[in-house]
Amino acid sequence: MAAGVSVKRRRLSSSDDSSHLKRKFYSQAAQWDLEQDYERKPRKTKKGKEKNRLPIKTQEGTLEHLEEDERHEESSESDVFSSEVEDSEPATTTQTVPAPESAVPPKVQILEAKEALARIASLINEEPEEHMELFKKLTEMTASASLPAVKKLALATQAAVYKDVIPGYRIRPLEGEELTAKVSKEVKQLRAFEQSLLSGYREYVQQLATLSRAKQGSETCSSGLKSLSINCACSLLTSVPHFNFRGELLKILVGQLGRRQIDADFVKCRETIEEVFSKDDDGTISLEAVTLLSKTIKAKEFRIRPSVLDTFLHLRLLSEFSSKGSKDSIDKEADENNNGKKPKQKREFRTKKERKLMKERKIVEKDMKEADALVSHEHRDKMQAETLKLVFTTYFRTLKTRNPELVGAVLEGLAKFSHLINQDFFGDLLEVLRDLISRYTYSNVKANEDRCDDEDDDDEDQFSMKDTRNATRDALLCSTTAFALLEGQDASKAASSLHLDLSFFIGNIYRSLHDLSLNPDIEFHPSKSLRLPEPNPYNDSQNVSNPGPDSTVLAKKVDFQTPTVLLIRCLQSILTAKANKAPPPIRIAGFAKRLMSSALQLPEKSAIAVLSILTRVAKLHGRKIAPLWNTEERKGDGVYDPNADDVERSNVFAATIWEGELLRLHYCPQVRDAAKGLEKAIAAAK
802 MAAGVSVKRR
812 RLSSSDDSSH
822 LKRKFYSQAA
832 QWDLEQDYER
842 KPRKTKKGKE
852 KNRLPIKTQE
862 GTLEHLEEDE
872 RHEESSESDV
882 FSSEVEDSEP
892 ATTTQTVPAP
902 ESAVPPKVQI
912 LEAKEALARI
922 ASLINEEPEE
932 HMELFKKLTE
942 MTASASLPAV
952 KKLALATQAA
962 VYKDVIPGYR
972 IRPLEGEELT
982 AKVSKEVKQL
992 RAFEQSLLSG
1002 YREYVQQLAT
1012 LSRAKQGSET
1022 CSSGLKSLSI
1032 NCACSLLTSV
1042 PHFNFRGELL
1052 KILVGQLGRR
1062 QIDADFVKCR
1072 ETIEEVFSKD
1082 DDGTISLEAV
1092 TLLSKTIKAK
1102 EFRIRPSVLD
1112 TFLHLRLLSE
1122 FSSKGSKDSI
1132 DKEADENNNG
1142 KKPKQKREFR
1152 TKKERKLMKE
1162 RKIVEKDMKE
1172 ADALVSHEHR
1182 DKMQAETLKL
1192 VFTTYFRTLK
1202 TRNPELVGAV
1212 LEGLAKFSHL
1222 INQDFFGDLL
1232 EVLRDLISRY
1242 TYSNVKANED
1252 RCDDEDDDDE
1262 DQFSMKDTRN
1272 ATRDALLCST
1282 TAFALLEGQD
1292 ASKAASSLHL
1302 DLSFFIGNIY
1312 RSLHDLSLNP
1322 DIEFHPSKSL
1332 RLPEPNPYND
1342 SQNVSNPGPD
1352 STVLAKKVDF
1362 QTPTVLLIRC
1372 LQSILTAKAN
1382 KAPPPIRIAG
1392 FAKRLMSSAL
1402 QLPEKSAIAV
1412 LSILTRVAKL
1422 HGRKIAPLWN
1432 TEERKGDGVY
1442 DPNADDVERS
1452 NVFAATIWEG
1462 ELLRLHYCPQ
1472 VRDAAKGLEK
1482 AIAAAK
């Protein structure tokens, strides 16, 4: 029998055994450490095929060993492999996959940018001449930044770096033969640093100018880059006003002042211009700023804010530097010991030759100081004269436009610089003021007629009353400016030498006394609301009614004052001015009678002010007006006309001042005391 074929047999486990093994498998799973086993396995690294080349000797004498990877073979193999795959696979349409964005979170990018900017800034501050190439790197970081926060950091860093690094002189760009001339190593290094600094600063200023011109609602404006660029420009202009590209920084600020909208950027630019004007000594930067402002105002057709014209009030013009020295004393007191000479024990021994050289050196230094002082004074006077010419040109052009919003600012400037105005222009200027008063008087009469015709229309009535109050105050403002023009330097001789007639302004004040006494807002500024101020720190009521928290309020002399204060100033110029000649008795008596009648209607503070000035008039010209308080005799004949437009035609000496008896019974104790004081002054003058 043939041997049987052996058959391999497998043992089949039962279902019970397999379930037991599975439970045992899962029960030991907690003891596994697969990650650690995977970590302990050796890595398989792909050894690149390298081909060593012969060493190369450099110019410094060192040997460099170069290695060349055989990448061409790998690339060729990959190309062959890719071509085979493309042949084997069917053709499919190619789709463009967008480039993935940076996976770095924004916070990480900002942190990295802070570290990089801090490192660059510290290197530049330590050795600016050794790291001059970093100026360009800062500019590139600003331009290439994708996040607005990173760009803000770069702009602020550049501003801080340039303020620290910029020298105390203006860099002159090299031209022509200076570029090829042979100089020493130190001079060459300094020139390279200056040119790199100038190039980086130019690009930075251009970036600021571009960002500051962003339109409202754009991404640049909404992200705060526009405000930051304006703040950087203001900071550079106040810190380094002497350096290059000052005109570009001024253009940024003046461009913001030309807008009608009032915001934080507008206030910052205005305050910076005012600070530049107040700190300018030689007048060069003031002339540049005033030139740009005058051109901008003219281009905007005088549709600007009054606070822009108020910046001219901070100019340091000719009057500030015209003080004369004392003839009796000198600035620096001499040493009492030995007639100004040093004591013998403190003298330093010098040879005869050294003493001779020192004496010659002192003479040369003295001549140089005198020459420098002469040049600086001439330059300053020239710059300030040109600035003053531009300021007055802007003022006169603004007056010609008859813009009611700007009249107050213009008249304030004319009153401040009245002593610098050429007396030949006084006649023309007074003619303009006279024309303005006539227009305001006509508008006042027109508003009263319209109010009488439309008594049923409450809105139009309120509007016309507001126009009437503003017109009355503006007429007072013009009269105050006219009197202030003649109270400046040598102004006491102006009226007599130039034969200026101020009777029109005096008559206007006399005619407006009754209307002013019935004005309920005579003690309030028209731009100052009687209600609580709105929570807006940038109200442009000339920074008077509701100034911002950081704004410096200028103490104005004319436009800030209420109608009562303006009236008192005019009355002082008419009745009590010492520079002018004594007014005629009929004028003093006419004003006294009408002022007493007006005091019955005025509020208590205004009434006290009027009685106070009448008391002063009584002390100066008591005998001229004493007959008005005499009830038994009258100096004049006829009937007194209380509504006369001219004080000379009122026949005032035919009247009696009976208003004093009513004022003695006034409800306010201060008014009663003022009325009694006036009567005592009249009794003492008799």
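Residue numbers for the sequence shown, in the working numbering: 802 to 1487. In this text, a Cβ means the ideal position worked out from N, Cα and C, and glycines have one as well.
In the DSSP assignment, the alpha helix (DSSP H) including residue i goes from what residue to what residue?
i	result
serine 1399	1386–1400
histidine 1115	First-last for histidine 1115: undefined, no H or E at that position.
isoleucine 1375	Careful: isoleucine 1375 lies outside any alpha helix (DSSP H) and carries neither H nor E.
leucine 1029	1026–1040
isoleucine 1458	Run containing isoleucine 1458: none; DSSP gives neither H nor E here.
alanine 1427	No alpha helix (DSSP H) holds alanine 1427; DSSP gives it neither H nor E.
serine 1079	1065–1080
phenylalanine 1046	Note, phenylalanine 1046: premise wrong, no alpha helix (DSSP H); not H, not E.
serine 1095	1085–1100
glycine 1214	1205–1217
Is DSSP giving residue i helix, strand or coil here?
i	result
glutamate 916	helix
isoleucine 1310	helix
glutamine 1008	helix
glutamine 1362	coil
threonine 981	coil
glutamate 887	Caution is warranted here: a pLDDT of 45 is assigned to glutamate 887, below 50, making its placement in the model unreliable, and the coordinate value is therefore given only provisionally. Glutamate 887 falls in the helix class under three-state DSSP.
valine 1440	coil
lysine 964	helix
glycine 969	coil
methionine 933	coil
aspartate 1474	helix
asparagine 926	helix
glutamate 1517	This structure cannot speak to residue 1517, because the chain is shown only from 802 to 1487.
alanine 1283	helix
phenylalanine 994	helix
aspartate 880	In this prediction, aspartate 880 scores a pLDDT of 47, lower than 50, which makes its location untrustworthy; the coordinate-derived value is nonetheless stated afterwards. DSSP places aspartate 880 in helix when its eight states are reduced to three.
tyrosine 1468	coil
alanine 946	coil
arginine 1370	helix
aspartate 1322	coil
valine 905	coil
proline 1107	helix
lysine 1487	coil
Decide if residue i is buried, meaning its Cβ has at least 16 other Cβ atoms within 10 Å, or exposed.
i	result
methionine 933	buried
serine 1019	exposed
tryptophan 1459	exposed
isoleucine 857	exposed
serine 1219	buried
lysine 1481	exposed
lysine 1167	exposed
arginine 1106	buried
arginine 824	exposed
glutamine 1471	exposed
lysine 1382	exposed
glutamine 1057	buried
phenylalanine 1150	exposed
aspartate 1438	exposed
methionine 942	buried
serine 1506	The first residue shown for the chain is 802 and the last is 1487, placing residue 1506 beyond what the model contains.
methionine 1397	buried
threonine 894	Reliability of the predicted coordinates at threonine 894 is poor, the pLDDT of 43 falling under 50, and no value is obtained from them.
What residues match up with residue i in a beta bridge as DSSP calls it?
i	result
isoleucine 857	Glu865
Could you name the residues of the same chain whose beta carbon sits closer than 6 Å to that of residue i, not counting the 5 residues immediately before and after it, in chain order?
i	result
histidine 1422	Ile1389
lysine 953	Leu1029
isoleucine 1426	Ile1389, Ala1390 and Ala1393
leucine 1286	Ser1219
Among the residues of its own chain, which have a CB less than 7 Å from the CB of residue i, if the five just before and after it don't count?
i	result
threonine 1195	Ser1095 and Ile1098
isoleucine 1307	Ile1375
lysine 915	Leu954
Excluding the 5 residues flanking residue i on each side, which residues of the same chain have their C-beta closer than 8 Å to its C-beta?
i	result
lysine 1052	Ala1010 and Leu1093
serine 997	Met933, Glu934, Phe936 and Lys937
glutamine 1007	Glu1049
valine 1077	Leu1038, Thr1039, Pro1042, Ile1086, Ser1087 and Ala1090
glutamine 1373	Ile1414
leucine 1301	Phe1227, Gly1228, Leu1231, Leu1287 and Ala1295
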